[in-house]
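Written below as C-alpha cells is the structure these notes are about.
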Amino acid sequence: MKWNQFICPVDGQPISQQVGSLRCDQGHTFDLAREGYCNLLLVQQKASHDPGDSHEMVMARRRFLEAGFYLPIAQKIFNIANSQSGSEREFRILDAGSGEGYYLRYLQSQNPVFELIGIDISKQAVKAAAKMSPLISWAVASNKQLPIDSGSVDLVLCMFGFPVWSSFSKVLNKAGHVLLVDASEDHLIELREIIYPTVTKSGPPSMESAFKSGYQLQSEESLRFKIELNSQAEINDLLSMTPHVHRMTEEGKRRLALVEKLQLTVDLSVRTLGLTSG
Ligand SMILES: C[S@@+](CC[C@H](N)C(=O)[O-])C[C@H]1O[C@@H](n2cnc3c(N)ncnc32)[C@H](O)[C@@H]1O
Ligand SMILES: [Zn+2]
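Each residue of the sequence shown is one higher than the one before, counting from 0 in numbering that gives the first Met the number 0.
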C-alpha cells in the first residue's frame, strides 16, 4: 500500500505514515484502518453520519459483480485503459466512487503494473474493497475534494457514479482522460417494464457540465449484452445496485416478487473525455 499517493485533504501537504494513522507536515492526522484503507473524508464533507452505500448494499453489489454478470464492462474498461497506457512507465488510474472495488480488482488482475487508487464516500464500501485488495490504495474520500496530487492521474474512472468535473481536472495530468460508464435508454428495460406502470426512456446523462468545465468528448460507444438472473436473490442484489430500489412502488415490488427468472438487457454508454483535443 502506498500512502504517499494521497495528500492531506485540509491543506494539500504530503502525508506520511505513523502508527495507526497518517500525518501531514502541518500535523493533521487521519485514521489508518487495520483493513488497509485510510479515512480522508473531512466532517464538513459528510452530508450524513455514514454517507454513501450501506454494508448491505455493498455486499449485494459484491455478490452480483463477483458472479460475473458485468464482466464485459470490466473487460471493456481494461481494453480502454490498456490502449491508453504506454508500456514504459506507470499508469495511474483513480476510480472515483469505486464501490466495493470490483473494477479495480479486475484491472489489477489483468495488468499488475497499473498504479491503482480507489476512493469512495462510503466507508463500508472502501472497507470491503481494502480487505480484498491490499495492493491497491484505498481511501474514504469525496469526489468533491480528491486528496490526490494535482496533475498526477492518467485516467479517472467514473462508473455509474457522480462526476465532479472540477475535481477531476485538478488531479488529471494534461493528457489524462475520464472514462465514464452510464446507463443508456434500454438498460435493464425488462426489469423496468415489471416495476413501473409506464417506462420512461432516457439516454445517458448529458455532458453539458463537462463541456462547460473544458472537457471534450473523445470517444463514445455503446456496450450491449444480455444477462440471465435465475433467482429472487440475484434479482434483489441487482435491484439494490440501481436507483430503482428507491423509486419503485409497492405494486412494482409485488409484481417483481413473483418473478424467479429474468433475462435482461444491459445497455450502457461508454465515453472518454479529455481536457485537450488530443
Ligand atoms: C452506483 S454506485 C457505483 C459503484 C461502483 N462504481 C460500481 O460500479 O460498482 C455509486 C458509488 O458512489 C459513491 N458515492 C456517492 N457520492 C460520492 C461522492 N461524493 N464521492 C465519492 N463517492 C461517492 C457511493 O458510495 C457508491 O459506492
Ligand atoms: Zn494537513
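Where a beta carbon is used, it is the ideal one built from N, C-alpha and C, also for glycine.
For Met158, the secondary structure class from DSSP, reduced to helix, strand or coil, is strand. The three-state secondary structure of Gln4, taken from DSSP, is helix. Ala80 counts as buried, since no fewer than 16 other beta carbons sit within 10 angstroms of its beta carbon. Here Ala95 is not near Cys7, since their CB atoms are 8 Å or more apart. A distance filter of 6 Å between CB atoms and the heavy atoms of ligand 2 selects the following residues in sequence order: Cys7, Val9, Asp10, Gln12, Cys23, Gln25 and His27. In this structure, Asp52 has its beta carbon less than 7 Å from a heavy atom of ligand 1. Going by DSSP, Gly175 is part of the beta strand (DSSP E) stretching over Leu171 to Ala182.
In the DSSP annotation of this structure, the continuous segment of the alpha helix (DSSP H) that includes Lys122 starts and ends at Lys122 to Met131. Beyond the five residues adjoining it in sequence on each side, Lys1 comes within less than 6 Å, by CB distance, of Ser136 in the same chain, given in chain order. Separation of the CB atoms of Leu40 and Ile120 is rounded to 7 Å, and the pair is thereby assigned contact status at 8 Å.
With contacts defined as CB atoms closer than 8 Å, Ile193 and Thr264 fail to qualify as a contacting pair. Closest by C-alpha distance to Tyr195, out of Val244, Pro13 and Val57, is Val244. In terms of CA proximity to Ala140, Val125 leads the group Val125, Val152 and Asp266. Taking a cut-off of 8 Å on C-beta distances, the segment 55 to 70 touches the segment 232 to 242, as three or more cross pairs fall below it. Taking Glu220 as reference, the option from Tyr101, Arg91, Arg270 and Met131 with the minimal CA-CA separation is Arg270.
Closest in alpha carbon position to Ala232, among Arg61, Glu250 and Glu99, is Arg61. Contact between Gly100 and Ala128 holds, with the beta-carbon distance rounding to 3 Å and staying under 8 Å. Ranking Gln16, Gly175 and Asp24 by CA distance to the CA of Asp30 puts Gln16 first. Around the beta carbon of Ser86, a 10 Å sphere encloses fewer than 16 other beta carbons of the protein chains shown; the residue is thus reported as exposed.
Each of Glu89, Asn78, Thr28 and Ile14 was checked against the Cα of Pro111, and the nearest Cα belongs to Glu89.
For Asn78, the secondary structure class from DSSP, reduced to helix, strand or coil, is helix.
The three-state reading of DSSP puts Pro13 in strand, counting E and B together.
In the structure shown, Val163 adopts coil according to DSSP, grouped into three states.
The beta carbon of Ser84 is closer than 6 Å to those of Phe90 in its chain, skipping five residues each way along the sequence. In the structure shown, Asn142 adopts coil according to DSSP, grouped into three states. Where Ser218 is concerned, the enclosing beta strand (DSSP E) starts and stops at Gln215 to Leu228.
Classified as buried, Phe68 has 16 or more neighbouring CB atoms from the shown chains inside 10 Å of its CB. In the structure shown, Phe90 falls within a coil segment according to DSSP collapsed to helix, strand and coil. Shown here, Gly273 sits in a strand according to DSSP, grouped into three states. In the three-state scheme derived from DSSP, where H, G and I count as helix and E and B as strand, Gly251 is classed as helix.
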